[in-house]
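**Q** If you read the protein sequences in the order shown, they are chains E and L.
In this text, residue positions in the first sequence follow numbering that gives the first Met the number 0: the first is 0, and each later residue adds one.
In this text, residue positions in the second sequence follow numbering that gives the first Met the number 0: the first is 0, and each later residue adds one.
Sending over a structure as structure tokens; questions will come in a sec.
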Amino acid sequence: MNGQVLRAGFIPLVDAAPLVIAHEMGFADEEGLALDLQRAPSWSTLRDLLVMGHIDAAHMLSPVPVAAALGLGGIQARLDAISVLSANGNVVGVSQRLAERMRCNGYAFDFADADAAGRALIAATDGQLRIGVPFPFSMHAELLYYWLGALGLPAPQALDVRTVPPTLMAEAMAAGEIDAFCVGEPWGSLAVENRVGTLLLPGAAIWNFAPEKVLAVRHDWTRDAPDRTAKLIRAVWRAGRWLSKPGNRAIASDVLARPEYLDLSSELLDRALTGRFIISPSGEQKARDGFVLFHDGACGFPWRSQAAWIAQRLAARTGLDRGAAAAAAKQVFRTDLYRQALSGQVADLPGASEKLEGAITEPTEVATAAGTLILRPDRFFDGQIFDPSAVQR
Amino acid sequence: MTDNLSIVVVEKDRDRALLIVDSLRASGDHNIFVISEETGLARRISERNPDIVLVDISSPSRDMLEELTLASSPLDRPVAMFVDRSDDGLTKAAIEAGVSAYVVDGLQPDRIKPIIDAAIARFHMFQRMRTELAATKRALQERKVIDRAKGILMKAHKIDEDAAYALLRKTAMAQGRKLADVAEALVTAAELLS
Numbered sequence: 000m001n002g003q004v005l006r007a008g009f010i011p012l013v014d015a016a017p018l019v020i021a022h023e024m025g026f027a028d029e030e031g032l033a034l035d036l037q038r039a040p041s042w043s044t045l046r047d048l049l050v051m052g053h054i055d056a057a058h059m060l061s062p063v064p065v066a067a068a069l070g071l072g073g074i075q076a077r078l079d080a081i082s083v084l085s086a087n088g089n090v091v092g093v094s095q096r097l098a099e100r101m102r103c104n105g106y107a108f109d110f111a112d113a114d115a116a117g118r119a120l121i122a123a124t125d126g127q128l129r130i131g132v133p134f135p136f137s138m139h140a141e142l143l144y145y146w147l148g149a150l151g152l153p154a155p156q157a158l159d160v161r162t163v164p165p166t167l168m169a170e171a172m173a174a175g176e177i178d179a180f181c182v183g184e185p186w187g188s189l190a191v192e193n194r195v196g197t198l199l200l201p202g203a204a205i206w207n208f209a210p211e212k213v214l215a216v217r218h219d220w221t222r223d224a225p226d227r228t229a230k231l232i233r234a235v236w237r238a239g240r241w242l243s244k245p246g247n248r249a250i251a252s253d254v255l256a257r258p259e260y261l262d263l264s265s266e267l268l269d270r271a272l273t274g275r276f277i278i279s280p281s282g283e284q285k286a287r288d289g290f291v292l293f294h295d296g297a298c299g300f301p302w303r304s305q306a307a308w309i310a311q312r313l314a315a316r317t318g319l320d321r322g323a324a325a326a327a328a329k330q331v332f333r334t335d336l337y338r339q340a341l342s343g344q345v346a347d348l349p350g351a352s353e354k355l356e357g358a359i360t361e362p363t364e365v366a367t368a369a370g371t372l373i374l375r376p377d378r379f380f381d382g383q384i385f386d387p388s389a390v391q392r
Numbered sequence: 000m001t002d003n004l005s006i007v008v009v010e011k012d013r014d015r016a017l018l019i020v021d022s023l024r025a026s027g028d029h030n031i032f033v034i035s036e037e038t039g040l041a042r043r044i045s046e047r048n049p050d051i052v053l054v055d056i057s058s059p060s061r062d063m064l065e066e067l068t069l070a071s072s073p074l075d076r077p078v079a080m081f082v083d084r085s086d087d088g089l090t091k092a093a094i095e096a097g098v099s100a101y102v103v104d105g106l107q108p109d110r111i112k113p114i115i116d117a118a119i120a121r122f123h124m125f126q127r128m129r130t131e132l133a134a135t136k137r138a139l140q141e142r143k144v145i146d147r148a149k150g151i152l153m154k155a156h157k158i159d160e161d162a163a164y165a166l167l168r169k170t171a172m173a174q175g176r177k178l179a180d181v182a183e184a185l186v187t188a189a190e191l192l193s
């Protein structure tokens, strides 16, 4: 393998696929990049490795660069999101004890209706719901707080939120430390496989088109290595397109299953990639179209409005000025670099850099430089619409 | 003495924890507490309200400590990530050694340094031992597989051990594969056929 070596870190999750595939299927090589992929044990370590310059790029939770821009969580370095690696891809699950109680109350697990699922969950909870999320700054936390908050449960105040790394989520549930979780695949399916949990919802049932992981780099690096930045964006974009083809899913899960990546059975990884889930230890099957997206609907495009949505949620919780937070966050989602890297390519990009989040209810054509592009629905389960230009202070 | 620092070491391995504690003691008369259980880690730490928390960087449970850095943390004083503090060289060394530290904001750097230095030395040593152990384990495992493959060949071809080994070696070289990989394939195939 020749080319410029680029060190990239990832957490063992299905949505690390774009980086893994860019490496394994030669998309990085085509750009003259030699990806040196490093599996990290935890999100905080991955973030520190990136901040300290031990790696050049990272598979990162979308709220982490935003939180860094707001000075939250003790990170002062500026991190930029140069593309969105994936949209959606999380599951919400409950313990067998809680699932049993919900069933007794007449709830049928449909793995689809967030409103009904949330009400059933709240009704079946006595005392404080102990819920595991992988990291304080994560789409998992945001989706949970948004969902339960909209249903009248003050979140996170009314919840007992526990930080549990994805790889340990099923264990924490088995040990009775948590009643519910929101986690990225395949770690939710592992809880089902280990007979300790039942899947309640895909994350997409709460927000149809949530920016889940981003490709994060140091802000300085984009300035010092503009060429490599563009190459990396293109390699990952091509990997995402490859992943979106149904015929490639079996290969993708076989590659991801290898010991150096996820080290799990490919059958377990298939579930997220195909959207066909086994939601309970008794074997109930449910399908979810668009469970995790790597390419469709131009999901790699880092919408500034997505950054603003995350920022105003974080700001509201931590008592920061919401308008200022949204403005700072928009600078972190590098729509400009993404456009530069992919313009003149086969990629068709939206003309705008912000959208009304939650306003697209049907697949919608939008104008682009090359013609039209079909955006996927980005609805919130409660029909709310977020206007990034009208963030209240 | 008010000059003593309270230090929490998060470490599952008892022997390793003891060694770390010993080396920290050598750097001053500190109040050291070891947490070996991951359950409720953040809560256990906040109960202690330490000045410094040391944790192995390769432990996934390190993410549980991030809760401590949040405004809503049960700690009276915010805990800042060590990596964001002034001494960049020390931070780099710590990360390379595989130790991460959480330090209460406002603590003087000259009070932190000896502790981190001591921790770094210990973590370095352990990392080396861990790597060596892993290599040894792998070598043993490979030896076992090669022995089994030799046995299969000896039985099938009615040849002696040296000839079986030579055959394995020749096949590996012809295919450009590792001896252990060829042996593994043979053992797997033999298991399927038996």
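The beta carbon of each residue, even a glycine, is placed where N, CA and C say it ideally should be.
Quick one: using the 10 Å Cβ neighbour count with 16 as the cut-off for buried, is H294(E) buried or exposed?
**A** Result: buried.
**Q** Taking the DSSP output, what are the residues bridged to Q284(E)?
**A** In the DSSP output, where bridge partners are listed per residue, Q284(E) has I277(E).
**Q** Give me the subset of the region 35-66 of chain E whose CB atoms are less than 8 Å from a CB atom of chain L, sorted by chain position.
**A** Listed by position, the residues of the region 35-66 of chain E near chain L (Cβ gap below 8 Å) are P40, S41, W42, S43, T44, D47, L48, V50, M51 and H53.
**Q** The beta strand (DSSP E) that contains S5(L), what's its start and end?
**A** Where S5(L) is concerned, the enclosing beta strand (DSSP E) stretches over S5 to V9.
**Q** Taking the C-alpha atoms as reference points, what is the distance between P185(E) and P11(E)?
**A** Spanning the two alpha carbons is a distance of roughly 9 Å.
**Q** Taking the CB atoms as reference points, tell me whether P260(E) and R46(E) lie closer together than 9 Å.
**A** It should be pointed out that residue 260(E) corresponds to Tyr in this sequence rather than to Pro. Not a contact, by the Cβ cut-off of 9 Å.
**Q** Closest Cβ-Cβ distance between G382(E) and chain L: below 9 Å?
**A** Output row for G382(E): interface = no.
**Q** Return yes when the Cβ of A76(E) is within less than 9 Å of the Cβ of A67(E), no when it is not.
**A** In contact: A67(E) and A76(E) (Cβ atoms closer than 9 Å).
**Q** Quick check on Q305(E): buried or exposed, where buried means 16 or more other Cβ atoms within 10 Å of its Cβ?
**A** Classification for Q305(E): buried.
**Q** Hey, is D180(L)'s beta-carbon within less than 9 Å of any beta-carbon in chain E?
**A** Output row for D180(L): interface = no.
**Q** Closer than 9 Å, Cβ to Cβ, to anything on chain L: give me those residues from the region 128-145 of chain E, in chain order.
**A** Flagged, chain order: P133, F134, P135 and F136.
**Q** The beta strand (DSSP E) with T360(E) in it runs from where to where?
**A** Unbroken run through T360(E): none, as it is neither H nor E.
**Q** So is G148(E) in contact with chain L if we call contact Cβ pairs under 9 Å?
**A** G148(E) does not count as touching chain L.
**Q** Let's test the definition: count the other Cβ atoms within 10 Å of the Cβ of K157(L) and tell me whether it reaches 16, buried, or not, exposed.
**A** Per the 10 Å Cβ criterion, exposed.
**Q** Please confirm whether D114(E) and L150(E) have their CB atoms less than 9 Å apart.
**A** Contact flag set, yes.
**Q** Using a Cβ-Cβ cutoff of less than 7 Å, which residues in the same chain neighbour L268(E) once the five nearest sequence positions on both sides are dropped?
**A** V13, P185, S252, L255, A256 and L261, listed in sequence order.
**Q** Is there a Cβ of chain L sitting closer than 9 Å to that of T360(E), yes or no?
**A** No, its Cβ sits nowhere closer than 9 Å to a Cβ of chain L.
**Q** Would R127(L) count as contacting chain E if we go by Cβ distances under 9 Å?
**A** Chain E contact via Cβ: absent.
**Q** With the cut-off set at 9 Å, would you say F110(E) and L189(E) are in Cβ contact?
**A** Contact flag unset, no.
**Q** Do you know how far the Cα of I34(L) is from the Cα of V191(E)?
**A** The straight-line gap from Cα to Cα measures roughly 30 Å.
**Q** Counting Cβ pairs, one atom from each stretch, are 3 or more of them under 8 Å apart for the region 201-208 of chain E and the region 77-93 of chain E?
**A** Because the criterion of three Cβ pairs below 8 Å is met, the region 201-208 of chain E and the region 77-93 of chain E touch.
**Q** Which bits of chain L does P164(E) rub up against, with CB to CB less than 7 Å?
**A** Correct list: P59, S60 and D62.
**Q** Using a Cβ-Cβ cutoff of 8 Å, what residues of the region 23-44 of chain L are near chain E? List them in chain order.
**A** Of all residues in the region 23-44 of chain L, E37, T38, G39 and A41 have a Cβ within less than 8 Å of some Cβ in chain E.
**Q** Would you mind stating whether L120(E) and P17(E) have Cβ atoms separated by less than 9 Å?
**A** No, these two residues do not count as a Cβ contact at 9 Å.
**Q** On the DSSP bridge assignment, give the partners of Q3(E) in chain order.
**A** Per DSSP, L32(E).
**Q** Please list, in chain order, the chain L residues whose beta carbon lies closer than 9 Å to that of A174(E).
**A** Result: T38.
**Q** Look up S85(E) in the DSSP assignment and give the residues it is bridged to.
**A** DSSP, once it has assigned bridges, lists K212(E) as partnering S85(E).
**Q** Applying a beta-carbon distance threshold of less than 7 Å, which residues of chain L neighbour L78(E)?
**A** Near L78(E) there are no residues of chain L at all, since even the closest Cβ is about 13 Å away, more than 7 Å.
**Q** For V4(E), count neighbouring Cβ atoms within 10 angstroms of its own Cβ and tell me buried if that reaches 16, exposed if not.
**A** So V4(E) ends up on the exposed side.
**Q** Nearest to T166(E) by CA position, among L78(E), L374(E), G131(E) and G296(E), is which residue?
**A** Cα-wise, what sits closest to T166(E) is G131(E).
**Q** For the region 176-184 of chain L and the region 145-161 of chain L, state whether three or more C-beta atom pairs, one from each stretch, are separated by less than 8 Å.
**A** Taking 8 Å as the limit for Cβ pairs, the verdict is that the region 145-161 of chain L does touch the region 176-184 of chain L.
**Q** Could you check where the beta strand (DSSP E) with A229(E) kicks off and where it finishes?
**A** No beta strand (DSSP E) holds A229(E); the alpha helix (DSSP H) holding it covers P225 to S243.
**Q** Would you please verify whether the beta carbon of L167(E) is less than 9 Å from any beta carbon of chain L?
**A** Yes, L167(E) counts as interfacial toward chain L.
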